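Quick mapping for you: the protein sequence lines, in order, are chains E and Z.
Read left to right, the first sequence gives residues 0 to 385 (numbering that gives the first Met the number 0).
Read left to right, the second sequence gives residues 0 to 167 (numbering that gives the first Met the number 0).
Don't be surprised by glycine CBs; every beta carbon is placed ideally from N, CA and C.
None of the values given here were measured: they were computed from a predicted structure.
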Amino acid sequence: MKKINIGMVCPYGWDTPGGVQTHIRELTQHLLDEGHQVSVFAPVTNEENISEEWLVNAGKPISIPVNGSVARVLFGPIASSRVKQWISQGNFDLLHLHEPAIPSLSLLACSAATGPMVGTFHVSSPKQKAIYAIGPILEPIVEKLTARIAVSELARQTLKDHFDTDAVVIPNGIESAQYVNANPTIHWRNPNTIGFIGRFAEPRKGLQVLIDALPIISRFIPDVRVLIAGPGDSDEFVKGLDIGLRNRLAFLGFLTDAEKVSFLKSVDVYVAPNTGGESFGIILTEALSAGTPVVASDIPAFQAVLEMGEAGFLFKNEDSADLAKQIIKLLRDKELQSKLSANGKLSSQKYDWQVVADQILSVYEMAMAGNQKVGLTSEGRFWNRR
Amino acid sequence: MSLNQLLIIVFILLIIWYLSFSASRLDRLHHRVETSWATLDTLLQKRAAIATEIIRESNLDPASAYLISSSARSARDAAISERSEAESVLSESLKMIQEIAYDESLELPSDLLVELSDVTAKIKLAISLHLEAVNAARNVRRKLIIRLFRLAGKAPEPVKFAFEDDVL
Numbered sequence: 000m001k002k003i004n005i006g007m008v009c010p011y012g013w014d015t016p017g018g019v020q021t022h023i024r025e026l027t028q029h030l031l032d033e034g035h036q037v038s039v040f041a042p043v044t045n046e047e048n049i050s051e052e053w054l055v056n057a058g059k060p061i062s063i064p065v066n067g068s069v070a071r072v073l074f075g076p077i078a079s080s081r082v083k084q085w086i087s088q089g090n091f092d093l094l095h096l097h098e099p100a101i102p103s104l105s106l107l108a109c110s111a112a113t114g115p116m117v118g119t120f121h122v123s124s125p126k127q128k129a130i131y132a133i134g135p136i137l138e139p140i141v142e143k144l145t146a147r148i149a150v151s152e153l154a155r156q157t158l159k160d161h162f163d164t165d166a167v168v169i170p171n172g173i174e175s176a177q178y179v180n181a182n183p184t185i186h187w188r189n190p191n192t193i194g195f196i197g198r199f200a201e202p203r204k205g206l207q208v209l210i211d212a213l214p215i216i217s218r219f220i221p222d223v224r225v226l227i228a229g230p231g232d233s234d235e236f237v238k239g240l241d242i243g244l245r246n247r248l249a250f251l252g253f254l255t256d257a258e259k260v261s262f263l264k265s266v267d268v269y270v271a272p273n274t275g276g277e278s279f280g281i282i283l284t285e286a287l288s289a290g291t292p293v294v295a296s297d298i299p300a301f302q303a304v305l306e307m308g309e310a311g312f313l314f315k316n317e318d319s320a321d322l323a324k325q326i327i328k329l330l331r332d333k334e335l336q337s338k339l340s341a342n343g344k345l346s347s348q349k350y351d352w353q354v355v356a357d358q359i360l361s362v363y364e365m366a367m368a369g370n371q372k373v374g375l376t377s378e379g380r381f382w383n384r385r
Numbered sequence: 000m001s002l003n004q005l006l007i008i009v010f011i012l013l014i015i016w017y018l019s020f021s022a023s024r025l026d027r028l029h030h031r032v033e034t035s036w037a038t039l040d041t042l043l044q045k046r047a048a049i050a051t052e053i054i055r056e057s058n059l060d061p062a063s064a065y066l067i068s069s070s071a072r073s074a075r076d077a078a079i080s081e082r083s084e085a086e087s088v089l090s091e092s093l094k095m096i097q098e099i100a101y102d103e104s105l106e107l108p109s110d111l112l113v114e115l116s117d118v119t120a121k122i123k124l125a126i127s128l129h130l131e132a133v134n135a136a137r138n139v140r141r142k143l144i145i146r147l148f149r150l151a152g153k154a155p156e157p158v159k160f161a162f163e164d165d166v167l
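Shown next, in the form of structure tokens:
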């Protein structure tokens, strides 16, 4: 494939951590490694946090509360004219817009541009409906996309429900080599250690389900411990917990990417007790790729990643007793652990960026088949024609 | 000029704007249908060419060789109305090649087989993009205002390419 010049738009603040931002960063890195040109346009809160030379600052994002957390988005007349400027100066072969249905930069770019455009839809939570409720207004804009990508079957379903249009499913990518070659950290590497990553204070992350399962597990496996990584107030969380239970928990706080990789490699089993609201479950693919056996709730996103139980164990959502049963079964049986680990590694191969980026590139190729370049809609208006 | 007259003028202007907006929207959708079909068409032609090439370079038995090369030829020559059926027949016969691809004694050209599976994957993608475009265009054409003012003009109703996805 010939080398192309891609304009990528991120709707959320670049310097706040998030799945979409990570996805864009890794995809961009991969495309650059393959020799393509990429320019990423994103809102930035603090210019000093930015180290990537391919990032173009679109301005300070506005914080809007969505779905229990805060979305940092950017729109308005100034943002709109910056988008146009970026597009007209970029001379792009293709635009890749992330989350084009969220009122932010991607939507502005989609409305302003003509030519080959690819949109990736990440969300699937039905709670986002408020933001999608303006569907009829967005539809004429979103239908300008030449090709649509959904990151999971669920995200595709959400898109179908809201816009009456279909999408190609291409999963989120991971750098699997990083996980396969990771080194475990010695002081995390105790026998019978369960790992959990996430903002544990949020009920939908389901840590409570795991904690309720602990008394049962400890009866069968006396030295079981839980390592909890992720931001949040741990003192607040353990308040009111039984002291014996409290001693089995260790809070590690926020982990850097490198620490996270090592964490996943160190624990004996990774547990994802999320009660809902997940679109894809990238953390599961990361744990699988590290070769760590996974036990997860049977919400649709996790069922898909764990291939209905082939690549990892599933337990009945919000059922602590069932979770305990699965964990005990796994921790007691070394052979089962290594079998699950091998299955998981195998099934996580399809999430490697090598594979995923190739799929995305063939969508690009398909979108560019018209041999057009990216331009601005306004250039076509008769009063602007030269 | 009374307020009423002003309102009427504004209303008429709004309608005119909406009509022009709808017309350009529909035009864009028709354009998308055309380009996505062109992409799909190119890929299908390429697949037929690869199939013929594979037959030429392998030592398949005459019966299967004939089956594949004739279905490839008819897929290439088919009129637009018979196209999807002809392509489905070719898919069926190509499936046979994929089943016997692991048989070493056949000396199938492996680089062409790789190319074939590449093209097949792309065809799947192209079909879904094309179907999406056709659906979007049809949905918009069904709108009352578009039919009332004949905004679709003489552009033919986009047809779905009835390709059986599962045979690929």
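Any beta carbon from chain E within less than 8 Å of residue i's own beta carbon?
| i | result |
| --- | --- |
| N3 (chain Z) | no |
| K153 (chain Z) | no |
| T34 (chain Z) | yes |
| A37 (chain Z) | yes |
| N58 (chain Z) | no |
| R82 (chain Z) | no |
| R146 (chain Z) | no |
| R31 (chain Z) | yes |
| I49 (chain Z) | no |
So that I know if they touch, is there some Cβ in chain Z lying closer than 8 Å to that of residue i?
| i | result |
| --- | --- |
| P16 (chain E) | no |
| K1 (chain E) | no |
| E25 (chain E) | no |
| K349 (chain E) | no |
| A100 (chain E) | no |
| A149 (chain E) | no |
| P299 (chain E) | no |
| I5 (chain E) | no |
How long is the line joining the alpha carbons of residue i and residue j, rounded to whole angstroms?
| i | j | result |
| --- | --- | --- |
| D232 (chain E) | L124 (chain Z) | 46 Å |
| A320 (chain E) | I215 (chain E) | 8 Å |
| F10 (chain Z) | R146 (chain Z) | 20 Å |
| D165 (chain E) | I281 (chain E) | 23 Å |
| A289 (chain E) | I185 (chain E) | 16 Å |
| N316 (chain E) | P99 (chain E) | 31 Å |
| H22 (chain E) | A112 (chain E) | 23 Å |
| P337 (chain E) | R82 (chain Z) | One detail in the question is off: residue 337 (chain E) reads as Ser in this sequence, not Pro. Approximately 51 Å between the Cα atoms of the pair. |
| I327 (chain E) | R218 (chain E) | 10 Å |
| K126 (chain E) | T157 (chain E) | Bear in mind that a pLDDT of 49 at K126 (chain E), under 50, signals an unreliable position, so the number given afterwards is only what the model happens to contain. Going by the C-alpha atoms only, they are around 11 Å apart. |
| F91 (chain E) | S87 (chain Z) | 37 Å |
| R140 (chain Z) | A323 (chain E) | 56 Å |
| Q302 (chain E) | F199 (chain E) | 21 Å |
| A212 (chain E) | A341 (chain E) | 26 Å |
| F74 (chain E) | E25 (chain E) | 25 Å |
| E46 (chain E) | N56 (chain E) | 8 Å |
| T51 (chain Z) | S116 (chain Z) | 15 Å |
| Q177 (chain E) | I15 (chain Z) | 58 Å |
| P42 (chain E) | I49 (chain E) | 11 Å |
| F279 (chain E) | F148 (chain Z) | 44 Å |
| T284 (chain E) | L263 (chain E) | 11 Å |
| E91 (chain Z) | I79 (chain Z) | 19 Å |
| A136 (chain Z) | K143 (chain E) | 11 Å |
| L345 (chain E) | S377 (chain E) | 49 Å |
| I220 (chain E) | P202 (chain E) | 26 Å |
| L42 (chain Z) | G34 (chain E) | 25 Å |
Please identify, using Cβ separations under 7 Å, the residues of the stretch 357-377 of chain E that lie next to chain Z, in order along the chain. Within the stretch 357-377 of chain E, the qualifying residues are S361, V362, M365, A368 and G369.
Please name the residues in the stretch 159-178 of chain E whose beta-carbon is closer than 7 Å to at least one beta-carbon of chain Z, in chain order. Residues D163, T164, D165 and V167.
Selection of the stretch 108-135 of chain Z by Cβ proximity to chain E, strictly under 8 Å: Listed in sequence order: A120, K121, L124, A125, S127, L128, L130, E131, N134 and A135.
So, does the stretch 113-120 of chain E touch the stretch 146-163 of chain E, judging by three or more C-beta pairs under 8 Å? Pairwise C-beta distances place the stretch 113-120 of chain E in contact with the stretch 146-163 of chain E, as three or more of them are shorter than 8 Å.
For the stretch 51-73 of chain E, which residues have a CB atom closer than 9 Å to at least one CB atom of chain Z, in sequence order? Along the stretch 51-73 of chain E, none of the residues has a CB nearer than 9 Å to a CB of chain Z.
Sufficient close CB pairs (3 or more, under 8 Å) joining the stretch 55-75 of chain Z to the stretch 21-31 of chain Z: These segments do not touch.
For the stretch 8-27 of chain Z, which residues have a CB atom closer than 8 Å to at least one CB atom of chain E, in sequence order? Residues F20, R24 and R27.
Interfacial residues, the stretch 135-149 of chain E to chain Z, with Cβ spacing under 8 Å: Correct list: P139, E142, K143, T145, A146 and R147.
For the stretch 36-44 of chain Z against the stretch 109-126 of chain Z, are there 3 or more C-beta pairs whose distance is under 8 Å? The stretch 36-44 of chain Z is in contact with the stretch 109-126 of chain Z.
Does the count of Cβ pairs from the stretch 229-243 of chain E and the stretch 307-316 of chain E closer than 8 Å reach three? In short, these stretches do not touch, since the Cβ pair count stays below three.
Count the CB pairs spanning the stretch 168-177 of chain E and the stretch 350-361 of chain E that are closer than 8 Å, and state whether there are at least three. Counting C-beta pairs closer than 8 Å gives three or more between the stretch 168-177 of chain E and the stretch 350-361 of chain E, which meets the contact rule.
Any chance the stretch 234-245 of chain E sits against the stretch 255-263 of chain E, with 3 or more Cβ pairs inside 8 Å? When Cβ pairs closer than 8 Å are counted between the two stretches, the stretch 234-245 of chain E is seen not to touch the stretch 255-263 of chain E, the count staying below three.
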